[in-house]
Amino acid sequence: MIDIKTQEEIEVMAKGGKILSDVLREVLKHVKPGVSGLKLDLLAEKLIVQKGGEPGFKKVKNYKHALCVCVNDVVVHGIPTDYKFKEGDLVTIDCGVYYKGFHTDSAHTVRVQRSGAGKVQNSDEVDRFLETGKKALEKAIKVARVGNRIGHISKTIQDVVEGAGYSVVRSLIGHGVGRNLHEEPEIPGFLEGPIEETPLLKEGMTIAIEVIYNRGKPDVVYANSDGWTIKTKDGSLSGVFERTVAITEKGSVVLTK
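If you count the sequence shown from 1, position 132 lands on 743 in our numbering, and the numbers rise without skipping.
Rendered as structure tokens:
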């Protein structure tokens with residue numbers, strides 16, 4: 612069942628989303644050569660608590676971190692480690708905040724580079740890959756409005772990603788978000804079947820729109836025995852762009868700007 616939020620509840624989520632976006636922005640500034648995911652995880656938790664929130668991901672059973680940190684071919688759920696980023700690495704920071712009873716969720720992928728450094732090998736191709744994910748998310752948010760359907764979001768993401776020559780991961784999708792980190796409805800980044808058969812977008816819905824995509828094929832596998840880390844099967848680079856969005860009478864409102 613899809614949980615419809617009141618205006619007051621959306622306002623609470625917007626405050627939590629502001630904490631999340633501020634924290635994510637600050638953490639991304641520290642994604643540099645020589646920095647580890649563990650260091651960023653500690654920074655994120657410190658900032659979230661300072662701002663009056665709680666690390667949302669730590670409310671997930673058996674998960675002990677404020678962040679998921681994914682490097683290169685890791686798609687999602689990368690556990691922060693002491694691996695130090697290298698110039699040219701692709702790093703996804705995924706973060707959640709729990710604030711006054713509600714979750715928000717957001718993720719962003721960046722290329723690791725030294726301040727003032729010149730271009731590294733294949734940087735133009737990687738930057739094009741990243742710009743595609745940003746564009747897909749931006750366009751998907753625009754079609755997330757009352758009267759449209761989940762399928763409009765799915766088709767928009769798929770068209771942008773596959774139109775650029777990349778692949779949408781099929782086994783990992785966006786989701787509703789609110790009192791729980793993962794709620795109904797499911798929001799795939801691809802369309803299977805008629806748009807008309809997908810759920811209608813209604814005022815008061817709060818959703819996490821996710822663009823989860825690979826430079827190579829869409830297949831993914833569990834990387835090891837930790838039960839969390841998921842990688843691309845072919846070793847290709849992966850990216851994730853995610854924002855929490857409220858569906859309002861005036862259109863979509865990004866709660867994690």
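Positions of the beta carbon are idealized from the N, C-alpha and C atoms, including for glycine.
Nearest to residue 674 by alpha-carbon distance, out of 867, 838 and 859, is 838. Rounded to whole angstroms, the separation of the alpha carbons of residue 627 and residue 811 is 26 Å. Only residues of its own chain outside the window of five on either side were considered, and among them 638, 641, 642, 678, 680, 691 and 704 have a CB closer than 8 Å to the CB of residue 651, listed in chain order.
Take the alpha-carbon of residue 746 and the one of residue 683: they are about 20 Å apart.
Residue 804: not part of any beta strand (DSSP E); DSSP gives it neither H nor E.
In this chain, the alpha helix (DSSP H) harbouring residue 763 covers 761-774.
Counting of Cβ neighbours within 10 angstroms places residue 833 among the exposed residues, the total staying below 16. The beta carbon of residue 625 is closer than 6 Å to those of 866 in its chain, skipping five residues each way along the sequence.
Residue pairing for residue 715: DSSP places it in a beta bridge opposite 708. Where residue 744 is concerned, the enclosing alpha helix (DSSP H) starts and stops at 734-753. CA-to-CA, the gap between residue 864 and residue 664 works out to about 21 Å. Counting only unbroken stretches of 3 or more residues, the beta strand (DSSP E) elements lying wholly within the segment 634-707 are 678-682 and 685-687, in sequence order. Following the DSSP letters along the chain, one finds residue 855 inside the beta strand (DSSP E) bounded by residues 849-859.
Secondary structure of residue 630 (DSSP, three-state): helix. Counting the other CB atoms within 10 Å of its CB gives residue 794 a total of 16 or more, which places it among the buried residues.
By the C-beta density criterion, residue 617 is exposed, having fewer than 16 other C-beta atoms within 10 angstroms. For residue 810, no beta strand (DSSP E) encloses it, and the DSSP letter there is neither H nor E. Residue pairing of residue 722 in beta bridges, as defined by DSSP: 701. A Cβ-Cβ distance of about 7 Å is found for the pair residue 858 and residue 815, placing them in contact under the 8 Å criterion.
Judged by pairs of C-beta atoms under 8 Å, the segment 757-770 does not touch the segment 693-701, as fewer than three such pairs exist. Exposure of residue 670 is indicated by the presence of fewer than 16 other C-beta atoms within 10 angstroms of its C-beta. In this chain, residue 836 is not harboured by any beta strand (DSSP E), its DSSP state being neither H nor E. The residue among 831, 826, 855 and 856 with its C-alpha nearest the C-alpha of residue 847 is 826.
The Cβ atoms of residue 708 and residue 659 sit closer than 8 Å to each other. Inclusion of residue 841 and residue 702 in the CB contact set at 8 Å is not warranted, their separation being larger than that value.
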